[in-house]
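A.B. asks: Sending over a structure as structure tokens; questions will come in a sec.
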Amino acid sequence: MSTRPQNIGIKAIEIYFPSQCVAQEELEKFDGVSAGKYTIGLGQTKMSFCDDREDIYSFALTVTSRLISKYIALYAKGAARPTGGAGAVAMLIGPNAPVVVEPGLRGTYMQHAYDFYKPDLTSEYPIVDGHFSLKCYTEAVDACYKAYNKREQTLKPLANGHANGAVSEDSTKTPIDRFDYMSFHAPTCKLVSKSYARMLYNDYLSNPTAPAFADVPAELRDLDYAKSLSDKVVEKTFMGLTKKRFNERVQPSIQVPTMCGNMYTASVYGGIVALLSNVDSATLQGKRVGVFSYGSGLAASLFSLKINGSTEAIAKALNLQERLDARRTVAPEVYEEFCNLRKKPIFKKSYTPKGNPETIAKGTYYLKSVDEMFRREYEIKA
């Protein structure tokens, strides 16, 4: 019998985002909202977008073809629009990887919830219950973190301190400190900072008398769970306590969501792209990366990665900062025009996109036409 492959994980990773973006500061002015509503309230700087020449299929074609060649969210106008974004991530998963998935060490949570859904198949826009969606996300963070902690305690005696993912941590540490870095599903970067703080709140509830929590108001210990989900004292207290940790451990992973917006499923992996790009390989060696993935409806998992080899080649191939800097930053009016281009042809047949292919970067797949039988033809920008 052949032995199980070891160190299974990410051997290569590639990201794609459109070649144009809009500055959230300018979008605030265009939308007539208060200064800082998007840049501070959401923690966003820029947002990627595309016109009718690109779609989810062209994104997948582009990012996958680029991965192979190197290594071998839109909303209706309104409050939800600045939380959009566009992009895709492709990964090569296999044995003897430098970024190893820790086997068996995860926590998963699922519920049936109408927090974000698309019942109208004739429209590109979802229905979003914003406050409920935030509540669902926070509940998922809590449940996954608790499940991960429980799973780790189960595996510790079995691993005896050694495994494909070395489950040996100092039991005197605050549990959040088991993660040297974190990457979150990022609807907004502000939600990421709140969620990281929420993990420390869970640590407090598990051990409220620990010295690290000496300054936490005593009344938070017995706060009703439902109230805690939106309690501002909880939020402010634990965001304050995690500020230094956040800057060191989470900030390196939010460059992509900060500069591109919400890429939905890809956003958490965009965080890994940013982390591998922003922290040098030597510093990453032996480090554990917590990964919180979330999808509305809802399903969520918290799992972890261990860096077990050089990530220099990955970072070099990604060339992230240069690619972000190479985008065109356009006026909000152009963004609005692009959104309208995407809205008009939804589910049309015998259609030729109106967007200008000249706005698309070389080597990018784009939609050429949709024929009378709804068959889509794509080309590569030469």
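FYI, in UniProt numbering the residues of the sequence shown are 1 to 382.
For each residue, glycine too, the CB sits at the ideal point set by N, CA and C.
(1) What is the C-beta distance between Y109 and A300, in whole angstroms, given that I count them as a contact (C-beta under 8 Å)?
(2) Determine the burial state of L121: buried for a count of at least 16 other Cβ atoms within 10 Å of its Cβ, exposed for fewer.
(3) In angstroms, rounded to a whole number, what distance separates the CA positions of Y16 and A361?
(4) Quick check on DSSP: helix, strand or coil for L155?
(5) State the CB to CB distance for the pair V370 and K348, rounded to an integer number of angstroms; the pair is presumed to be in contact (CB under 8 Å).
(6) Can you have a look at F338 and say buried or exposed, based on whether 16 or more other CB atoms are within 10 angstroms of its CB?
(7) Whose CA, out of N340, V128 and V99, lies closest to the CA of G286?
(8) With distances taken Cα to Cα, identify the nearest neighbour of K243 among C260, A197 and S228.
(9) To the nearest angstrom, report how far apart R66 and R323 are at their CA atoms.
(10) I'd like to know whether the C-beta atoms of T329 and L276 end up nearer to each other than 7 Å.
(11) Measuring straight from C-alpha to C-alpha, what distance separates K150 and E377?
(12) Exposed or buried, what is P187 when buried is set at 16 or more other beta-carbons lying within 10 Å of its beta-carbon?
(13) Going along the chain, which residues of its own chain have a beta-carbon closer than 6 Å to the beta-carbon of G355, five neighbours each way excluded?
(14) Here's the rule I'm using: 16 or more other beta-carbon atoms within 10 Å means buried, otherwise exposed. How should E139 be labelled?
(15) Taking the alpha carbon of E372 as the point to measure from, which residue in D177, S350 and I8 has its own alpha carbon closest?
(16) What is the DSSP secondary structure of G309, counted as helix, strand or coil?
(17) For the beta strand (DSSP E) that contains C50, what are its first and last residues?
(18) What residue does the alpha helix (DSSP H) around L27 start on, and which one ends it?
(19) Give me the residue from K70, A97 and Y204 with the minimum Cα distance to E235.
(20) With DSSP collapsed to three states, give me the class of A88.
(21) If I follow the unbroken alpha helix (DSSP H) through E235, where does it start and stop?
(22) Taking V216 as the reference, which of Y201, D224, E25 and Y225 has the closest Cα?
(23) Going along the chain, which residues of its own chain have a beta-carbon closer than 6 Å to the beta-carbon of I272, five neighbours each way excluded?
(24) Hey, would you say A274 sits closer than 7 Å to Q255, going by beta carbons?
(25) What do you get for E152, buried or exposed, if any count of 16 or more other CB atoms within 10 angstroms of its CB means buried?
(26) How is S19 classed by DSSP in three states: helix, strand or coil?
(27) Just how far apart, CA to CA, sit G240 and M263?
(28) Hey, Y181 and V289: beta-carbon distance below 7 Å or not?
(29) Between the beta-carbon of P211 and the beta-carbon of R221, is there less than 7 Å?
(30) Measure from the alpha carbon of M199 to the alpha carbon of each residue in C21, Y57, F179 and P95, then state which is nearest.
(31) In chain order, which continuous runs of the alpha helix (DSSP H) of length 4 or greater are located wholly inside the segment 274-334?
(32) For S267, collect the residues of the same chain with a Cβ closer than 6 Å to its Cβ; drop the 5 residues on either side in sequence, then sort them by chain order.
(33) Based on Cα-Cα distance, which residue from K135, S296, N247 and A147 lies nearest to Y225?
(34) Does Y148 pass the burial test, meaning 16 or more other C-beta atoms within 10 Å, or should it be called exposed?
(35) On the premise that I93 lies in contact with K11, defined as a C-beta separation below 8 Å, what is that separation, rounded to the nearest angstrom?
(36) With distance defined between alpha-carbon atoms, name the residue in G261, F246 and K194 nearest to P18.
C.D. replies: Quick look at the numbers:
(1) Yes, they are in contact, since the Cβ atoms of Y109 and A300 sit about 5 Å apart, within 8 Å.
(2) With fewer than 16 other Cβ atoms within 10 Å, it is exposed.
(3) About 11 Å.
(4) In the structure shown, L155 sits in a helix (DSSP, three-state: H, G or I).
(5) A Cβ-Cβ distance of about 7 Å is found for the pair V370 and K348, placing them in contact under the 8 Å criterion.
(6) Result: buried.
(7) For G286, the nearest C-alpha among the options comes from V99.
(8) The candidate whose alpha carbon is nearest that of K243 is A197.
(9) Cα to Cα, the separation comes out at about 13 Å.
(10) No. Outside cutoff.
(11) About 49 Å.
(12) By the neighbour-count rule (16 or more Cβ atoms within 10 Å), P187 is buried.
(13) Only D51, D52, R53 and L341 meet the Cβ criterion.
(14) That one is buried.
(15) Selected option, being the one with the closest Cα: S350.
(16) Reduced to three states, the DSSP call for G309 is coil.
(17) Unbroken run through C50: none, as it is neither H nor E.
(18) Secondary structure note for L27: its alpha helix (DSSP H) is the uninterrupted segment Q24 to D31.
(19) Comparing Cα-Cα distances from E235 to each of K70, A97 and Y204, the minimum goes to Y204.
(20) In the structure shown, the three-state DSSP call for A88 is strand.
(21) That run of the alpha helix (DSSP H) goes K232 to L241.
(22) Cα-wise, what sits closest to V216 is Y201.
(23) Result list for I272: S183, in chain order.
(24) It is a contact, given that the beta carbons lie within the stated cut-off.
(25) Only buried fits E152, as 16 or more other CB atoms lie within 10 angstroms of its CB.
(26) Coil.
(27) Looking at the two C-alpha atoms, the distance is approximately 28 Å.
(28) Contact: yes.
(29) No, these two residues do not count as a Cβ contact at 7 Å.
(30) Among C21, Y57, F179 and P95, the Cα nearest to that of M199 is on F179.
(31) The qualifying runs are 281-284, 312-318 and 320-325.
(32) Contacts found: H185, A186 and P257.
(33) Answer by Cα proximity: K135.
(34) With a threshold of 16 other beta carbon atoms within 10 Å, Y148 meets it and is buried.
(35) Their Cβ separation, rounded to whole angstroms, is 7 Å, which keeps K11 and I93 in contact under 8 Å.
(36) Ranking the options by Cα distance to P18, first place goes to G261.
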